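6 protein chains.
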Amino acid sequence: MNNISKLKPGDSVETFYLIKRSQQGVTTQGKPYMTLFLQDRTGEIEAKLWTVSKEDMEVLKPETLIKVKGDVIDYRNKRQMKIATFRTAKEEDGLNPKDFVEKAPMDEDALYESIMDYVIKIENGSLQRIVRQLLNKYGREFLTFPAAMTNHHDFVSGLAYHVHYMLRTAEALCDIYPSLNRSLLYSAIILHDIGKVKELTGPVGTTYTVEGNLIGHIVIANDEITRVADELNIEGEEVMLLKHLILSHHGKLEYGSPKQPMIKEAEILHFIDNIDARMMMMDKHTSQTDKGTFTDRIFPLENRAFYRPEKFE
Amino acid sequence: MNNISKLKPGDSVETFYLIKRSQQGVTTQGKPYMTLFLQDRTGEIEAKLWTVSKEDMEVLKPETLIKVKGDVIDYRNKRQMKIATFRTAKEEDGLNPKDFVEKAPMDEDALYESIMDYVIKIENGSLQRIVRQLLNKYGREFLTFPAAMTNHHDFVSGLAYHVHYMLRTAEALCDIYPSLNRSLLYSAIILHDIGKVKELTGPVGTTYTVEGNLIGHIVIANDEITRVADELNIEGEEVMLLKHLILSHHGKLEYGSPKQPMIKEAEILHFIDNIDARMMMMDKHTSQTDKGTFTDRIFPLENRAFYRPEKFE
Amino acid sequence: MNNISKLKPGDSVETFYLIKRSQQGVTTQGKPYMTLFLQDRTGEIEAKLWTVSKEDMEVLKPETLIKVKGDVIDYRNKRQMKIATFRTAKEEDGLNPKDFVEKAPMDEDALYESIMDYVIKIENGSLQRIVRQLLNKYGREFLTFPAAMTNHHDFVSGLAYHVHYMLRTAEALCDIYPSLNRSLLYSAIILHDIGKVKELTGPVGTTYTVEGNLIGHIVIANDEITRVADELNIEGEEVMLLKHLILSHHGKLEYGSPKQPMIKEAEILHFIDNIDARMMMMDKHTSQTDKGTFTDRIFPLENRAFYRPEKFE
Amino acid sequence: MNNISKLKPGDSVETFYLIKRSQQGVTTQGKPYMTLFLQDRTGEIEAKLWTVSKEDMEVLKPETLIKVKGDVIDYRNKRQMKIATFRTAKEEDGLNPKDFVEKAPMDEDALYESIMDYVIKIENGSLQRIVRQLLNKYGREFLTFPAAMTNHHDFVSGLAYHVHYMLRTAEALCDIYPSLNRSLLYSAIILHDIGKVKELTGPVGTTYTVEGNLIGHIVIANDEITRVADELNIEGEEVMLLKHLILSHHGKLEYGSPKQPMIKEAEILHFIDNIDARMMMMDKHTSQTDKGTFTDRIFPLENRAFYRPEKFE
Amino acid sequence: MNNISKLKPGDSVETFYLIKRSQQGVTTQGKPYMTLFLQDRTGEIEAKLWTVSKEDMEVLKPETLIKVKGDVIDYRNKRQMKIATFRTAKEEDGLNPKDFVEKAPMDEDALYESIMDYVIKIENGSLQRIVRQLLNKYGREFLTFPAAMTNHHDFVSGLAYHVHYMLRTAEALCDIYPSLNRSLLYSAIILHDIGKVKELTGPVGTTYTVEGNLIGHIVIANDEITRVADELNIEGEEVMLLKHLILSHHGKLEYGSPKQPMIKEAEILHFIDNIDARMMMMDKHTSQTDKGTFTDRIFPLENRAFYRPEKFE
Amino acid sequence: MNNISKLKPGDSVETFYLIKRSQQGVTTQGKPYMTLFLQDRTGEIEAKLWTVSKEDMEVLKPETLIKVKGDVIDYRNKRQMKIATFRTAKEEDGLNPKDFVEKAPMDEDALYESIMDYVIKIENGSLQRIVRQLLNKYGREFLTFPAAMTNHHDFVSGLAYHVHYMLRTAEALCDIYPSLNRSLLYSAIILHDIGKVKELTGPVGTTYTVEGNLIGHIVIANDEITRVADELNIEGEEVMLLKHLILSHHGKLEYGSPKQPMIKEAEILHFIDNIDARMMMMDKHTSQTDKGTFTDRIFPLENRAFYRPEKFE
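The listed protein sequences derive, respectively, from chains P, Y, A, B, C and V. FYI, full-length UniProt numbering numbers position 12 of the first sequence as 12, with every residue one higher than the one before it. FYI, full-length UniProt numbering numbers position 298 of the second sequence as 298, with every residue one higher than the one before it. FYI, full-length UniProt numbering numbers position 146 of the third sequence as 146, with every residue one higher than the one before it. FYI, full-length UniProt numbering numbers position 198 of the fourth sequence as 198, with every residue one higher than the one before it. FYI, full-length UniProt numbering numbers position 272 of the fifth sequence as 272, with every residue one higher than the one before it. FYI, full-length UniProt numbering numbers position 282 of the sixth sequence as 282, with every residue one higher than the one before it.
Now the structure itself:
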């Protein structure tokens, strides 16, 4: 098979991929060439096309499906594909670009259903109404956006998938520590990253919006709750507490939260968020590493390398 | 004179003061006594009343004016007043509690006029309307609140006095560096601490509200701008930039700003805020210090002691 | 009732307490007096006995049960008891000092049973044998020691109670994240603080041993595993991994771990440990605080004050 | 036009530039080539000459003016010039290398006059004499040196230009905050970076001297004041205060100041220095960025990227 | 014996001490009393005189020798002396205040001789001349000043005693690592703290001068070398290197050095300084601690407590 | 001569080198090539072989001696060798790979003898027996391993050479500061890095073992002492102290020590270790630098560049 995640130097491929990004360049001899970042559901690879025509340059745009024939080589310890020939996909190939991007392992419907099961468990009426209103307003984006541009949950539906896992852990912790308030914790988990639907540009090839950079998803989420509570005429301590959980969920001021957690549920929200993000990253990197060896250093995990045990999994 | 700021161990007093706070205690011998924090416009002093009746305890509440006769002693290197006798003020004494709290050196009308002069100079219509609307909504509090609970501008009208000085520096810097946008900078200066009218409890004896602790004046101000812009149907980049200036005015994430300054005016706002707060603190402390000596260590000035030159002022 | 945790200034008491610590002093007038720290199951209080005889000084030693008659006063914002008279407990009072110290809410047998249920679930034979051997060796101490000298789980059986809760959270997380290895995680949780049985002096009135200060519970636990594995002739990757989890469970070098977590289970162990310790501290402090107010600043929780909601619990 | 700052990939040029630095290299095929860093008043560009003779290598030295014909390409996201042919400038071309380096927007005479206007305003005679003596001694270098090797004011006359702007801000602040001592502040601003005339090698292509590295401009300036005060027989508190302002002007120990600011004017000097340096960097970077986009990350501005508003300037 | 360092609660004394500092106070009952800090060669103790006359207050000044009769009590875990009666020393008592202050274990002559032995070993003529000139200029102070106000070597002749030990370690390290330059290292050791003769007020009861606070001993020493080298017409790399060693001897910018060590000898100077200061503090504190126990936390040793072994010394 | 450390761009060589590492690559044109890292006793160099056969690839393995003919070029400011032809060494060349790796300047026998001289000086019998037992167990590795993978003492016998120098400094300091315990300090120096024999893979081309990464040399050494003391039935304070010195020898928690130094000898051990490592690095780098210039920035020396004086060595 030609799954990108499996390609090794020495492999030859002849298959379809989606262009994620493309760049034009000029060799030191002055000839044009192109760098394509090709992807399928399993990953991406840098590819070089050393001979290009004007027409090629027109055609090789992001979001285009192409069939390539080429070889994988090792360039400075990284895999690189040298494209020999290519053609763009035709309608009769019967392919859909959507099938060439990474997605959460659960589909949107399953995620929606799972999350709604928890919405029902929000016993506080005001909080449930706020959550429902915001899911109505941003449901589409909420179910398709990634949770981040890079690092963890950086794939289609990553945001909802992340929320789904966090809710499961929250439920378990509320069973073990009954002093935690379920309504507050579930509401805040569902909404904690809702601001990402404005901070990021979209489900695929996402990047930061200007608003994302200057205001940030934490304050965007806070603004949305302010507006929705005003619309629904909801007042009271629970709104303030919900906002506090959103504002403090990064745990420390230096991570961009304007307030540190100052109630129990805020503290626990931060831990649940962290555990799910870290499990996702550790699983992803160790699964790509041989047994008995270490991963590369992982920047968002404090630049540590993780060991994958010989037999112990 | 009996100005509190001038009292020294050895002095005897017989004059009126305002009770700021009061506490009941019991001596190691089991007898009740009271600790009163007395104030006038110039400062405050801790006072002890070693013999108290039940009636005294009823009467000696905060915000009460009393005439005390007593002596100032040195207790562990701090001044303390030992009250011999006291009586509460009567109507015929013709005194007003307002005259016994510290105030800004300019009165509310002068501050209002000065600040409105700058409002007129906000050329961008959207920004001027937002500023006017919020000054209408919170004008009373804006003109009477302190800028902080302790440290700098911790007196009646401290907030507006701080804004007034910042505007003057902003005007000078805009003259020197014409690439700065006056509309944006003036608007943000006027509103940067407007959230304090909800973060703090009031002009006198102020402390933090629950909302102040859990949400904080930065996000409160942001919320107010969100609401007002929605009410006035104002949209556009300027609203986002104004919010960015408010959100980033503490300069660093670890100081509670959820975003660092990312436009020129945001960077300069942070500097102007800092300069005025620091000038206020340095002037206050050095004016209370002898020439040729150092002040005590001042915590919000990185715990430094400042030198007051012999002749050089 | 005379439960120490409930005493307020103004209360009079006549009941039995246990002396935790005692100090002799001399008043500024040169007369001897004694300070006693009295405790019952609910807490402790500082008490003063202003008139003492030579015989009193002999008698008032730590671990002694006395019946005191006295009054609670407010001394510098703290409760203090002024003892009028006292007598030591007699056999006919039928009291046991053990009933006057704070204990975990579960008894030793229940804790033992619960933890053994998890030992059985350690599928890896080598790890199960190491765990059993160490529980045999240090079972008594393991079931009675606190988990710390101050801060969290600082009561009789605190260590086992902490382990018990951590195991429950571990089980939930292993269900949610099946890539985690249960054998490794359960073994490490049970043994992670086993070194405390040598780091601390005992279940009651505990303090650090010299070995605790110079070597520390992390390396002590590592040494015990080294010895037991040698005794049982157990070798292999699992021993190294178990030791790695113990060594890294403080999460960061600056918290005293000689290695950072470098396998998944090590990372998760650190989080589970943290969650249980923090839940314990947050519950303890907020339960002693009025609704709608903040706790004092809690040093091990980054010196934050926590809010107890009005209605939201 | 062929201004370097405006060149884009795809442009062809045929014009004069100054060689800033040059390097010889050998291609992987073993052939010699040269890398030239070419500059004009607006900026610099890296250029490659792939075919070079021995004579070329002799001729292509720094500070040489050459006329080049070539094309601008994109190499790894940076502009690079591929030189086709070149010749050195001849006398009849009538060009002066001085016109090919970046300079302050004000000329030396205007800067000198402006700064002398402030010297006159130094009312303290001792301070004015020290300032005049040092301007006499190092006037030439003071008016032509840059203020830094990179980052801000890194151009001919950058040092005096920086001082000129700082003096204007100082004057404004002294008007607003009359407790500031003008004599002290103006003197210290003029001399604060005078040590750079020995720390750096010269106005063009500047780098650090050995003395600059081992002693540094702060202590060099202090030494010069020590010597001049001794020569002029000036003693007294003002000399000590002036030296303190120089020594503390980096604001914090970790930025290389051996003392933190401990008088008002020292604190304010640090802020004025910072504001001017930051305004210079922010203006430079945003002016090279499209509206509605962000600059690259700017290292000396805490690695932040700055936004240039769409319409708001 | 009545050596202050040996006094314990319960002891009675009748002997001569020197008043180090004295304070007047007023009891809560309004009566005057005095606090005296008494010293002899071995240490100091706080003493209270609860009944004082006007004449007593005149007489009990710092630097006065008095004979006291009193008792040592325990006050809040610290020793305190309660003075019953006292009289000032008379000429016929034949006592000298000098004998009541702590001194280095070597006398000034021995220190001078030892240090001069190393001066002779400075082979570089320029450096030797600079060192000799400065020892001539400040010899008296150099031999009597302490090396610090508190912490290490805070006794008469502490500065020279510290230098003496550092020279011995330097000699040993130059034998082991022959690439070190002896002339440079010896010169810098002798002069590294010479600025303290102006930073501190004197050999006894020392405190910081204004110049010490605003300029600091590092830059003061640098200035002195600048002046002496100018006087002696000495130029050359060695002067710059010597100044670099002085400037960088605190090792890090945040410790007040304007430059980090950038030559070998500078790095080693910092280590030698550190070793001697730390040995002095560790020896002092452990010698006052019982075997098998820990010292109090020692602030300048990163707040660590040190263990004194049972048998192992 | 063809010593690698002396090679400069432009040099031609024809001599024997040892292959340290080798990599296969493919050029952008798709042709195979090889990168060899060649070494001799003086250093290493990267070499390229642009035309390779299948047989060449088989033959060019690490630890192989080859005779190469080639040229040294400059590639991006680094030396690179372009290999023209090569042959593998034959038996008749009479060469030994051991002569092509860097070694300590003293041979193993001399190091052994020197270190045993200090073992004899360990007066405490328990400590001497522990040291002897561990030297017996790991003598071979102890005498041949490097002290580190990179940075300091990263050559054959580097570990023993480092210990040898540290012992000499320890002896000198014990002479100067007689309160230090020689038995403890010598024992700890000899064993402080003994864990490296399991942390690293071997004397040549060393890298970290899995145990090295997950457990680390500090705890490995601690384990070995635990085992040996158990075997020899040695108990007592000295074993605990020895372990404390090993555990704390990195000086700070953030450098991987689970405990900070808490006895004098532990503090001094850390300093001696640091001095020797730093002298080694400073000497190595400055010896490769021209007089009057600075070294490159040296990462383990806090990224400082060191100056090599013109005349002053």
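Glycine included, each C-beta is placed from N, C-alpha and C at the ideal position. Since the structure is predicted, the reported quantities are computational estimates derived from the model, not experimental observations.
**Residue environment, Asp-223(V), which counts as buried when at least 16 other CB atoms sit within 10 Å** = buried
**Prompt:** Between which two residues does the beta strand (DSSP E) containing Ile-73(V) stretch?
**Reply:** 65-75
**Item:** Buried or exposed (CB count within 10 angstroms, at least 16 for buried), Pro-62(Y)
**Value:** exposed
**Request:** Give, in chain order, every residue of the segment 185-215 of chain A whose Cβ lies closer than 7 Å to some Cβ of chain V.
**Result:** Glu-211, Asn-213, Leu-214, Ile-215
**Prompt:** Do you know offhand how far Lys-90(P)'s Cα is from Ala-160(P)'s?
**Reply:** 33 Å
**Message:** Quick check: the Cα distance between Arg-304(V) and Glu-231(B), rounded to an integer number of angstroms?
**Reply:** 37 Å
**Asked** Can you tell which of Arg-21(V), Phe-155(V), Phe-86(V), Asp-93(V) has its C-alpha closest to the C-alpha of Glu-55(V)?
**Response** Phe-86(V)
**Prompt:** At a Cβ cut of 9 Å, what residues of the segment 157-172 of chain P count as close to chain A, listed as they run along the chain?
**Reply:** Tyr-165, Arg-168, Thr-169, Glu-171, Ala-172
**Asked** Whose Cβ in chain P lies nearer than 7 Å to the Cβ of Glu-254(Y)?
**Response** Leu-253, Glu-254
**Item:** Lys-78(V), enclosing beta strand (DSSP E) - first and last residue
**Value:** 78-88
**Cβ-based contacts, 8 Å cut-off: residues of the segment 225-246 of chain C near chain A** = none
**Request:** Note down, in chain order, all residues in the segment 1-19 of chain Y with a beta-carbon under 9 Å from any beta-carbon belonging to chain P.
**Result:** none
**Request:** Quick one: which unbroken alpha helix (DSSP H) runs of 4-plus residues sit fully inside the UniProt domain "HD" (162-278) of chain V? Chain order, please.
**Result:** 182-191, 196-199, 210-214, 217-231, 237-248
**Beta-carbon gap between Glu-199(Y) and Ser-126(Y) smaller than 7 Å** = no
**Message:** For a contact defined as C-beta to C-beta under 7 Å, what are the partners of Gly-25(B) on chain V?
**Reply:** Asp-74
**Message:** Quick check on Met-279(A) - is its C-beta less than 7 Å from some C-beta in chain P?
**Reply:** yes
**Item:** Counted within 10 angstroms of its Cβ, other Cβ atoms place Phe-299(A) as buried (16 or more) or exposed
**Value:** exposed
**Item:** Opening and closing residue of the beta strand (DSSP E) in which residue 320(A) lies
**Value:** There is simply no residue 320(A) to check, as chain A begins at 1 and stops at 313 in what is shown.
**Prompt:** According to DSSP, is Leu-159(C) helix, strand or coil?
**Reply:** helix
**Asked** Exposed or buried, Gln-288(V), counting other C-beta atoms within 10 Å across all chains shown (16 or more means buried)?
**Response** exposed
**First through last residue of the alpha helix (DSSP H) which encompasses Leu-111(B)** = 108-120
**Item:** Terminal residues of the beta strand (DSSP E) in which Thr-35(P) lies
**Value:** 32-40
**Identified DSSP bridge partners for Glu-46(A)** = Phe-37(A)
**Prompt:** Comparing the C-beta of Lys-137(C) with each C-beta of chain B, is any distance below 7 Å?
**Reply:** no
**Request:** Can you have a look at Pro-146(P) and say buried or exposed, based on whether 16 or more other CB atoms are within 10 angstroms of its CB?
**Result:** buried
**Request:** Just mark Gly-10(A) as buried or exposed, buried being the case when its beta carbon has 16 or more other beta carbons within 10 Å.
**Result:** exposed
**Message:** Tell me the DSSP secondary structure of Lys-311(A) in three-state form.
**Reply:** coil
**Request:** Keeping to the same chain, check which residues put their C-beta closer than 6 Å to that of Phe-294(Y); ignore five residues upstream and five downstream.
**Result:** Ala-305, Tyr-307
**Asked** Does DSSP put Phe-294(A) in a helix, a strand or coil?
**Response** strand
**Item:** Nearest to Met-279(Y) (by Cα), restricted to the options Glu-113(B), Leu-134(B), Glu-267(B), Leu-241(B)
**Value:** Glu-267(B)
**Prompt:** Counting contacts by CB-CB distance shorter than 7 Å, is Gln-128(B) in contact with chain Y?
**Reply:** no
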